């Protein structure tokens with residue numbers, strides 16, 4: 005009797021958790037959205053007004069969104085409902101590209117990106133819905149010390165267990181909330197805005213003609229005002245042409261249209277944005293001092309230094325929260341394909357694949373698949389040079405081998 009009570013209690017807690025994670029009515033979800041978009045949040049202004057930050061976050065989020073993401077068993081892709089959900093349609097309003105890209109925009113602006121698991125009637129995950137990060141706060145339950153997420157709606161507050169929230173973030177110290185890169189760049193943005201305003205004022209002054217009028221005698225206040233008014237009127241009515249009369253000397257004030265030091269300050273801003281977002285400097289449009297012998301080296305720096313930690317975070321979140329321990333132990337796991345960023349030009353690819361085939365690293369059809377060519381009937385065997393036989397061909401059947 006006690007056993008079944010515990011079973012019913014466990015099932016009830018699972019149901020309650022699922023009910024908390026996904027509302028029984030659509031109205032609960034709509035509290036987090038307005039007019040078909042996420043509720044306005046405080047970091048949006050920085051993206052809309054600073055082109056360096058916009059470009060950096062746009063490139064990083066687009067790069068993550070373009071990476072193929074599939075469910076694998078060992079090394080082979082598998083067809084499963086949860087795999088199709090992640091690879092194609094995380095929710096009814098988004099493709100996989102849009103989902104990952106939006107999560108990255110939130111992560112790189114707010115420091116955190118959250119997606120709640122929406123359950124079906126049998127508690128299967130049927131959607132991942134992105135939340136407004138300004139409405140979510142990680143909290144620790146006092147008795148169990150488990151991580152929960154406090155979600156503030158317009159009418160009420162929800163608490164969702166950490167297993168029901170996909171949470172990707174930037175680095176953090178105490179707690180579980182990532183630090184916002186926009187907050188880190190606050191001083192840089194303020195300085196950049198001040199310099200821009202100064203430059204605009206400087207350009208406005210530079211486009212206005214200015215002169216020094218030298219008179220041979222001291223004049224009264226009224227006389228000076230009369231001469232100045234006449235000078236302005238004559239300059240305006242004669243298209244900028246002036247006549248220098250006897251006893252008067254006119255010297256134009258020369259101004260630089262734009263101080264070249266402004267461009268040096270812009271380079272500093274780009275360098276700081278790239279440093280905070282962990283991007284190679286060339287990814288924010290600054291190529292001075294950047295030298296690579298090939299595109300592969302540039303891509304390798306971006307993949308190893310920037311994408312790998314992000315990819316690993318997504319993979320572990322998906323594996324932990326979308327797969328059961330039994331599924332993980334059987335070899336199932338989500339994986340991004342970073343190979344697209346490491347491809348060289350066609351000549352380099354052919355040379356690398358040819359060497360892979362000749363050394364038994366690739367089957368011919370595997371190499372063809374990497375180039376997006378269709379398979380051939382005889383291309384599913386490993387080959388070795390000699391010169392190229394199926395790897396299981398007996399030595400005595402190979403040409404050039406003397407029979408004893």
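Residue numbers (this note's numbering): 5 to 408. For every residue, glycine included, the Cβ atom is placed at its ideal position computed from N, Cα and C. None of the values given here were measured: they were computed from a predicted structure.
Check each candidate in the options and name the one with the smallest Cα separation from residue i.
i	options	result
residue 275	92, 400, 106 and 196	196
residue 315	57, 65 and 96	65
residue 272	52, 51 and 56	56
residue 279	350, 74, 310 and 379	310
residue 181	118, 301 and 330	118
residue 142	124, 116, 159 and 229	116
residue 202	148, 183, 267 and 282	267
residue 282	270, 188 and 236	188
residue 63	234, 162 and 104	104
residue 363	388, 380, 384 and 162	388
residue 174	233, 228 and 107	107
residue 269	194, 158, 150 and 354	194
residue 51	308, 317, 277 and 343	277
residue 342	308, 241, 331 and 161	308
Look at the Cβ atom of residue i, then the Cβ atom of residue j, and state whether they are nearer than 8 Å.
i	j	result
residue 85	residue 289	no
residue 3	residue 120	Beyond the ends of the chain as shown, which are 5 and 408, falls residue 3; an answer cannot be given.
residue 129	residue 327	no
residue 304	residue 365	no
residue 306	residue 319	no
residue 361	residue 371	yes
residue 165	residue 321	no
residue 169	residue 109	no
residue 114	residue 138	yes
residue 386	residue 367	yes
residue 140	residue 123	no
residue 94	residue 131	yes
residue 216	residue 255	yes
When the Cα atoms are used, what is the spatial distance from residue i to residue j?
i	j	result
residue 382	residue 396	14 Å
residue 88	residue 356	32 Å
residue 352	residue 92	31 Å
residue 199	residue 192	11 Å
residue 441	residue 285	No information on residue 441 is available, as it lies outside the stretch 5 to 408 that the chain covers here.
residue 340	residue 369	21 Å
residue 313	residue 155	27 Å
residue 99	residue 398	50 Å
residue 70	residue 375	17 Å
residue 226	residue 291	58 Å
residue 378	residue 72	19 Å
residue 163	residue 394	60 Å
residue 333	residue 77	10 Å
residue 151	residue 167	9 Å
residue 233	residue 253	16 Å
residue 329	residue 147	25 Å
Can you tell me whether residue i is helix, strand or coil according to DSSP?
i	result
residue 156	strand
residue 101	helix
residue 181	coil
residue 93	coil
residue 111	helix
residue 124	coil
residue 314	helix
residue 38	With a pLDDT of 40 at residue 38, under the threshold of 50, the modelled position of this residue cannot be trusted; read the value that follows with caution. Note: residue 38 maps to strand in three-state DSSP.
residue 288	helix
residue 402	coil
residue 394	strand
residue 375	coil
residue 72	coil
residue 331	helix
residue 195	helix
residue 60	helix
residue 137	helix
residue 380	coil
residue 221	coil
Given a threshold of 16 other Cβ atoms within 10 Å of its Cβ, counted over all protein chains shown, does residue i qualify as buried or as exposed?
i	result
residue 400	exposed
residue 218	exposed
residue 112	buried
residue 68	buried
residue 178	exposed
residue 75	buried
residue 82	exposed
residue 54	buried
residue 90	buried
residue 44	For residue 44, the pLDDT reaches just 41, beneath the cut-off of 50, and the residue's location in the model is therefore unreliable, leaving the point undetermined.
residue 402	exposed
residue 359	exposed
residue 350	exposed
Using a Cβ-Cβ cut-off of 8 Å, state whether residue i counts as contacting chain C.
i	result
residue 77	In summary, chain C is missing from the structure at hand, where a single protein chain is found.
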